[in-house]
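Numbering (the working numbering), first residue to last: 4 to 392.
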Ligand code: NAD
Ligand code: ZN
Ligand code: ZN
């Protein structure tokens, strides 16, 4: 089959590899009809995630048709149409029973390595380094889905691939980010990052009743898409984020702040980001926490910081004193995808939201390597790429 594989920093290739096979009775093999490139893939592309190996198959946002089912998997049958959540989960461990699927205790087959890095294991993820299990991803013609009797979302044929594909990642991610804010009717929610996750968080925050949503970025077409979705926008290249956020909240700051940027934050107007870049370049610091610093500083006392943006390691010079003394609440994590998907699928069916609005590019899998670069560099108006294997 054909698959997109990681061969090192900035080196993704479309290669011919062996087809996956059933390895466990709970598995299924899915023939991929659509897959996407996620902002999280860019952290692999840019070489920030350790424990990637040459030849790893990428991709964790994908869907398709079940073509083979393991003998212990009674939940799926050949021909079922499924979206596959990026978090692989067993459905039976203590965490899964509480709905904490992204920290499933059993689905990461490299759980000892993960526990050494983080203190505990986290769930297995598709195509996302060996720290999360080293599972081949879904930017491919076929994928083996482990624990597939639980790790799936069945979708009706009345909806298109484009409408449901993002149930596997960015839609529930934006949704969880907004839910974690515990939005009240008078709240202003400020969202850093107008990428796909920020776009979904914006629409989720409005669906959940926020009075005002402010989105911060510096890419014009992404800011325009946010305004179409109902946001007030701030361009951090041309405006002071802190001043504008204060102005828009009667001097008080937003009650709720969402970091939809993560460890590769840019900031052209601040000294601290130059410091982060130098430290990251010489490997003294693994992440650039510029957005976190801004959020901790500007968030209204007793507010909430919700962090879907991915971080990998050690963060430097965070104003923790400000956060502690202002009594801020931090909520974060990889998304517990299946905790939200029944509700979100119903909302798509009811027409409350159509997540396909975010797609700007639809291409063949063969064009994937070029699209990684286009998406990373925000060329050609690229906001979200869908590939058809
Ligand atoms: P993306 O790279 O397309 O979007 C990030 C956006 O942030 C870009 O538009 C960029 O211009 C903007 N940005 C950079 N620096 C900024 C700053 N200082 N202030 C404001 N905006 C800034 O990626 P995406 O697909 O939207 O993903 C966003 C983040 O969410 C990534 O870190 C990704 O790994 C993470 N993510 C997490 C989960 C999860 O389960 N928690 C799931 C999916 C994605
Ligand atoms: Zn993702
Ligand atoms: Zn589990």
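Cβ atoms here follow ideal geometry from the backbone N, Cα and C, with glycine treated the same way.
Exercise for the section: Check the DSSP bridge columns for residue 309 and list the partner residues they point to. Expected result: 261, 334.
Exercise for the section: Label residue 258 either buried or exposed according to how many other C-beta atoms from any shown protein chain fall within 10 Å of its C-beta, with 16 as the threshold for buried. Expected result: Residue 258 is buried by the Cβ-count criterion.
Exercise for the section: For residue 195, verify whether its CB is less than 8 Å away from any heavy atom of ligand 1. Expected result: At a cut-off of 8 Å, the beta-carbon of residue 195 counts as near ligand 1: some heavy atom of the ligand is closer than that.
Exercise for the section: Would you identify the three-state DSSP class for residue 66, choosing helix, strand or coil? Expected result: strand
Handout entry: First through last residue of the alpha helix (DSSP H) which encompasses residue 4
Key = Judged by DSSP secondary structure, residue 4 falls outside any alpha helix (DSSP H); it is assigned neither H nor E.
Problem - Selected residue, minimal CA-CA separation from residue 197, among 365, 296, 190, 219 - result: Residue 197 has its Cα closest to that of 219, out of 365, 296, 190, 219.
Practice task
Can you grab the Cα-Cα spacing for the pair residue 383 / residue 377, in whole Å?
Solution key: 7 Å
Problem - Presumed contact (8 Å Cβ cut-off) between residue 325 and residue 299, rounded CB distance - result: 5 Å
Exercise for the section: Could you name the residues that DSSP lists as bridge partners for residue 127? Expected result: 91
Problem - Contact check, residue 358 vs residue 203, beta carbons under 9 Å - result: yes
Practice task
Assign residue 255 to one of two classes, buried (16 or more other C-beta atoms within 10 Å of its C-beta) or exposed (fewer than that).
Solution key: exposed
Problem - Given 8 Å, three or more beta-carbon pairs between the region 94-109 and the region 57-66 - result: no
Handout entry: Member of 78, 192, 64 whose CA lies at the smallest distance from the CA of residue 146
Key = 64
Exercise for the section: Taking residue 147 as part of the beta strand (DSSP E), name the residues at either end of that continuous run. Expected result: That run of the beta strand (DSSP E) goes 145-148.
Handout entry: Nearest to residue 261 (by Cα), restricted to the options 176, 111, 284
Key = 176
Exercise for the section: Determine the DSSP secondary structure at residue 390, reduced to helix, strand or coil. Expected result: strand
Exercise for the section: Assign residue 38 to one of three DSSP states: helix, strand, or coil. Expected result: strand
Exercise for the section: Tell me whether residue 290 sits in a helix, a strand or coil according to DSSP, three-state version. Expected result: coil
Practice task
Please name the residue in 55, 18, 24 whose C-alpha comes closest to that of residue 11.
Solution key: 55
Practice task
Can you grab the Cα-Cα spacing for the pair residue 201 / residue 233, in whole Å?
Solution key: 13 Å
Exercise for the section: Ignore the nearest five residues each way along the sequence and tell me which others in residue 369's own chain have a CB closer than 6 Å to its CB. Expected result: 17
Problem - Beta-carbon contacts of residue 316 that lie in its chain and below 7 Å, excluding the five residues immediately before and after - result: Within the same chain, Cβ atoms closer than 7 Å to the Cβ of residue 316 are found at 289, 290, the five residues on either side in sequence being excluded.
Problem - C-beta contact flag for residue 9 and residue 47 at 9 Å - result: yes
Practice task
Just the C-alpha distance for residue 166 and residue 351, rounded to the nearest angstrom, thanks.
Solution key: Rounded to whole angstroms, residue 166 to residue 351 spans 7 Å at the Cα level.
Exercise for the section: Please state whether DSSP places residue 234 in a helix, a strand or coil. Expected result: coil
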